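J.:
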Amino acid sequence: MGSMEGLSLTLIHFLLLFCIVCKCLASHLEATQKVTLKIDASPKLARKIPDTLLGVFFEEMGRGGAGGLWAELVSNRGFEAGGPNTPSNIDPWLIIGDDSSIFVETDRTSCFRKNIVALRMEVLCNNDCPAGGVGIYNPGFWGMNIEDGKTYNLVMYVKSPQTASLTVSLTSSDGSRNLASITILVAGKSNWIKVKQKLVPQGTDRTSRLQITSEKKGVVWFDQVSLMPADTYKGHGFRNGLVSMLLDLKPRFLRFPGGCFVQGGWLRNAFRWRESIGPWEERSGHFGDCWNYWTDDGLGYFEFLQLSEDLGASPIWVFNSGLSYNDEVDTAAIAPFVKDVLDSLEFARGSANSSWGSVRAAMGHPEPFPVKYAAIGNEDCGKQFYNGNYLKFYSAIREAYPDIQLISNCDGSSGPLDHPADLYDFHVYADAKTLFSMKNTFDKTSRIGPKAFVSEYAVWKTDAGRGTLLAALAEAAFLTGLEKNSDVVEMACHAPLFVNDDIEKKWNPDVIVFNTWQHYGTPSYWMQLLFRESSGSIVHPTTISSSSSSNVSLAASAITWKDSDNSSFLRVKIVNFESVAVQVTISTTGLQASIDVLRSTATVITSSNVMDENSFSNPNKVVPVKSQLFDAAAHMQVTVAPHSFTSFDLSLAPSKLVTLAGRYNEYLMSEL
């Protein structure tokens, strides 16, 4: 019996070893699989990609604007987030002291007609107030990033029937450390006064708070309390580091402000452009019920137009079509909504002497904003009144602004639309394998009629994690298909763009993650960086053939583009969706230039695990790595790493072939 057991164990060990060897052999065969990528770079088949192909989409979600891109540090600055009925919730404002020393409530005594709610603070103590006084404080959006020596602009409105002495301070999150303080004397008057001061902290605290205290008995009212860093992008109120991330992508357009933020769960909570312009103190703000948080609309319609200009991007204004997720305006009653949109376009494009253009000019921008694109609703196709409402908007805008390209929510990729449009929305959120396979989605789309605007795309759910390499690879493959089909795809942008890492409920993944003071790009961000030269470049036909009987999970595209020095490059992008390395023979024909080896490079995005993500502790775990491509040639062999995205940039020299040896000889001659 013992000998039989020993024989059985020996046999099992042998079989296991045999399986391992077979697996290794299979992996070796897969790794040495040969693939040929043919590129026809001849001018005859070359085609220009639209100048607008790739841009960015901003939606107020994930605290991407309020508490993110918009640099305002005070959350609920006007005490309006609790609603118009008083008393109301003042979250996240909190009280310093207890109910024996201070009483705080909201009332409807503000000097601003649209923002009627103000905060009434009654100090009950006098000589027996706690050290430092009692009052209120605001923690901002999970803390305020306060930096040593920088200037912060304080604006607030106050009134008091008696003379009051207030101390405004920047402190640590628990109030124990004082970074900056000023004293404000409020004369005993019944009128509101505007207070403007500068705070310059001595010390840095990433989770600071703003507090207002008093040690004297009396009543003081507050409203519209704002704290902004003096140093914002071009002085326009945008957070520098986050704008820098956008600029690096070279976006050709900015789609805004949503998304379902435009629609609202109910129309009463939809984004209203009129309420988001003019002096910030007079903006009513609103509850974005789609993403369940309040925004004071400091980042409003005007600021989105300004951001587009700052980015050098064309603005794409997505407006409400009279529909939300839960209610709709009948087409018979849509006329006021149509007029509202026409007014919004006059605000953007009208002369400084026009009715709404003069409002824009008063805000500091007399020159019109070049709005050339407008989307009629967001994801509204199929709703009862969409078609009827759409046609009303379409006709009115076409008559008033015939040059504006109008975008339908209905997908026209697989069949003709039943209404006129210049472009149509195409949204896709899918697992990685599905999105990778969708690289050929537009191959069979009709070349006649409106073009596609892929206005939202992303890998999501399990494959996405919090921003994985796997998601970026599938998205890169999808984009190669859009490049090749850019005769019918006019524009494309990823979604969502920003997320504040401190919020509890997040949509994953996002392109850029931030907190009060840090930010990083997910692999999807870095992937898009390798596509930033595609808009306006020249795309060339490519074909992939494999020595294997089964299809290899590769995607590729080829473009020629010029850098800021007007130097030309052939960029070959290859996505390897396989778990093994693949040998690729790149064969380029029809090239009208030689290749400068010394200026040619290869840039790779990969990692040891396809589910790897970036984080604040390791923001560069999955980032592009560039190296010189010494074997650069029209015909060359390369090995692409498992689960990788590689961009080969072959520098094109207009003269004879420049080799590495030739360059070295030129160098030696110059030294003689």
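Residue numbers (mature numbering (1 follows the signal peptide of the UniProt record, and there is no 0)): -26 to -1, 1 to 646.
Using N, Cα and C, we set each Cβ at its ideal position, and we do this for glycine too.
This structure is a prediction, so every number in the text was calculated from the model and none was measured.
#1: Considering F235, what are the terminal residues of the alpha helix (DSSP H) in which it resides?
#2: Measure from the alpha carbon of D205 to the alpha carbon of each residue in A45, A576, K413, then state which is nearest.
#3: Assign Y275 to one of three DSSP states: helix, strand, or coil.
#4: Using a 10 Å radius around the Cβ and a threshold of 16 neighbouring Cβ atoms, would you call L624 buried or exposed?
#5: Pull up the distance between the alpha-carbon of D396 and that of I381, whole angstroms please.
#6: Indicate whether W268 and N50 have their beta-carbon atoms separated by less than 8 Å.
#7: Suppose the cutoff is 6 Å on Cβ atoms and the five residues either side in sequence are ignored; what does the same chain contact list for F590 look like?
#8: With C-beta atoms as the reference, is P376 less than 8 Å away from Y398?
#9: Closer than 7 Å by C-beta to S460: which residues in its own chain qualify, once you throw out the five before and the five after it? Chain order, please.
#10: Given V160, which residues of its chain have a CB within under 6 Å of its CB, disregarding the five upstream and five downstream residues?
#11: Between the Cα of A348 and those of R334, E552, W291, S388, spot the shortest distance and give me the residue it belongs to.
#12: Can you find at least 3 beta carbon pairs, one from the segment 171 to 179 and one from the segment 206 to 225, that sit closer than 8 Å?
#13: In or out: T620 buried (at least 16 other Cβ within 10 Å) or exposed?
#14: Only counting the same chain, and skipping five residues up and downstream in sequence, which positions put a Cβ closer than 8 Å to that of T534?
#15: Tell me the residue span of the alpha helix (DSSP H) that contains S218.
#16: How far does the alpha helix (DSSP H) with E34 in it reach, from first residue to last?
#17: Grab me the residues of L273's own chain with a C-beta within less than 6 Å of its C-beta, minus the 5 sequence neighbours each way, in chain order.
#18: Going by alpha carbons, who is nearest to S188 out of P175, K224, L140?
#19: Taking all protein chains shown into account, do 16 or more other C-beta atoms lie within 10 angstroms of the C-beta of S1, making it buried, or fewer, making it exposed?
#20: I'd like to confirm the pairing. Which residues does DSSP put opposite S550 in its beta bridges?
#21: Where does C(-5) land, buried or exposed, given buried means 16+ other C-beta within 10 angstroms?
#22: Using the rule of at least 16 other Cβ atoms within 10 Å of the residue's Cβ for burial, across every protein chain shown, is N63 buried or exposed?
#23: Per DSSP, what kind of secondary structure is Q358 in: helix, strand or coil?
#24: Classify N540 as buried or exposed, calling it buried when 16 or more other Cβ atoms lie within 10 Å of its own Cβ.
#25: Is it buried or exposed for T157, if we count other Cβ within 10 angstroms and need 16 for buried?
#26: Spatial neighbours of C264 within its chain, please: CB distance less than 8 Å, with the 5 preceding and 5 following residues excluded, ordered by chain position.
#27: Name the residue from L443, T562, L153 whose alpha carbon lies nearest to the alpha carbon of N119.
#28: In the DSSP output, what is T454 paired with across the bridge?
#29: Based on the DSSP output, what are the partners of E79 in its beta bridges?
#30: Compute the distance between the beta-carbons of W116 and T490, then report whether it is under 8 Å.
#31: Compare the Cα-Cα distances from P394 to each of I371, F604, V402, K313 and report the closest residue.
#32: Which of helix, strand or coil does DSSP assign to P66?
#33: On a Cα-Cα basis, can you pick out the residue from T559, H609, V9, E256 that is closest to S87?
#34: Which residues in the same chain have their Cβ closer than 7 Å to the Cβ of E464, if we skip the five residues on either side of it in sequence?
#35: Tell me, please, which residues DSSP counts as bridged to K208.
#36: Is Q176 helix, strand or coil by DSSP?
T.: Inspection of the coordinates gives the following:
#1: Walking along the sequence shown from the start, residue 235 turns up at place 261. Counting along the chain, the alpha helix (DSSP H) containing F235 begins and ends at 234 to 237.
#2: Your numbering for residue 205 matches position 231 in the sequence shown. Of the listed residues, the one whose Cα sits closest to D205 is A45.
#3: Your numbering for residue 275 matches position 301 in the sequence shown. Y275: helix per DSSP, three-state reduction.
#4: On the sequence shown, residue 624 is found 650 positions in, with the first residue counted as 1. Classification for L624: buried.
#5: As a position in the sequence shown, residue 396 is number 422, starting the count at 1. As a position in the sequence shown, residue 381 is number 407, starting the count at 1. One C-alpha to the other measures close to 6 Å.
#6: The count along the sequence shown starts at 1 and reaches residue 268 at position 294. The count along the sequence shown starts at 1 and reaches residue 50 at position 76. Taking 8 Å as the Cβ cut-off, W268 and N50 qualify as a contacting pair.
#7: If you number the sequence shown from 1, residue 590 lands on position 616. Q492.
#8: Working through the sequence shown from its first residue, we reach residue 376 at position 402. Working through the sequence shown from its first residue, we reach residue 398 at position 424. For P376 and Y398, no; Cβs fall outside 8 Å.
#9: Here the question's residue 460 lines up with position 486 in the sequence shown. Contacts found: I23, P24, L27, V513.
#10: Position 186 of the sequence shown, counting from 1, holds the residue named residue 160. For V160, where only same-chain residues beyond five positions count, the Cβ hits under 6 Å are V132, S134, A138.
#11: One-based indexing of the sequence shown puts residue 348 at position 374. It is W291 whose Cα lies nearest to the Cα of A348.
#12: no
#13: Sequence index remark: in the sequence shown, residue 620 carries index 646 (1-based). In this structure T620 is buried. Its beta-carbon is surrounded by 16 or more other beta-carbon atoms within 10 angstroms.
#14: Mapped onto the sequence shown, residue 534 falls at position 560. Excluding residues within five positions, the ones whose Cβ falls inside 8 Å are A15, A20, S511, I512, H514, S542, F543, L544, R545, L626.
#15: Counted from its first residue, the sequence shown places residue 218 at position 244. Run containing S218: 214 to 222, per the alpha helix (DSSP H) assignment.
#16: On the sequence shown, position 60 is the one that residue 34 refers to. It is not in any alpha helix (DSSP H) - E34 carries neither H nor E in the DSSP assignment.
#17: Mapped onto the sequence shown, residue 273 falls at position 299. Only G39, W44 meet the Cβ criterion.
#18: Locating residue 188 in the sequence shown gives position 214, counting from the first residue. Comparing Cα positions, the closest option is L140.
#19: Sequence index remark: in the sequence shown, residue 1 carries index 27 (1-based). Low confidence applies to S1: its pLDDT is 38, below 50, so where it sits in the model is not reliable, and the reading given next is rough at best. Its Cβ having fewer than 16 others within 10 Å, S1 is exposed.
#20: Against the sequence shown, residue 550 aligns to sequence position 576. First, the residue type needs correcting, since residue 550 is Asn and not Ser in the sequence shown. Beta-bridge pairing links N550 to L528, S618.
#21: In the sequence shown, residue -5 corresponds to position 22, counting from 1. Low per-residue confidence applies at C(-5): pLDDT is 36, beneath 50, and the placement is therefore not dependable enough to give any value.
#22: Looking up residue 63 in the sequence shown gives position 89. Exposed: under 16 other Cβ atoms inside 10 Å.
#23: The residue labelled residue 358 in the question sits at position 384 within the sequence shown. Coil, per DSSP.
#24: Residue 540 sits at position 566 when you count from the first residue of the sequence shown. Exposed.
#25: The sequence position of residue 157 within the sequence shown is 183, counting from 1. In this structure T157 is exposed. Its beta-carbon is surrounded by fewer than 16 other beta-carbon atoms within 10 angstroms.
#26: Your numbering for residue 264 matches position 290 in the sequence shown. M35, G232, G233, C234, F235, Q237, G238, G239, N243, Y299.
#27: Stepping through the sequence shown from its first residue, residue 119 is reached at position 145. Out of L443, T562, L153, L153 has the C-alpha closest to the C-alpha of N119.
#28: As a working note, residue 454 is residue 480 in the sequence shown. Partner(s): none; T454 has no beta bridge.
#29: By one-based count along the sequence shown, residue 79 stands at place 105. Paired residues: R94.
#30: Position 142 of the sequence shown holds residue 116. Position 516 of the sequence shown holds residue 490. Yes, these two residues count as a Cβ contact at 8 Å.
#31: Position 420 of the sequence shown, counted from the first residue, corresponds to residue 394. It is I371.
#32: On the sequence shown, residue 66 is found 92 positions in, with the first residue counted as 1. Residue state, collapsed to three classes: coil.
#33: The count along the sequence shown starts at 1 and reaches residue 87 at position 113. For the sequence presented, residue 87 should be read as Arg rather than Ser. Considering only alpha carbons, the answer is E256.
#34: Position 490 of the sequence shown, counted from the start, is the residue given in the question as residue 464. Correct list, in chain order: P24, T26, L397, K425, A426, F427.
#35: Start at 1 with the first residue of the sequence shown, and residue 208 comes out as number 234. Paired residue(s): none; K208 is not in a bridge.
#36: Position 202 of the sequence shown, counted from the start, is the residue given in the question as residue 176. Coil at Q176, not helix or strand.
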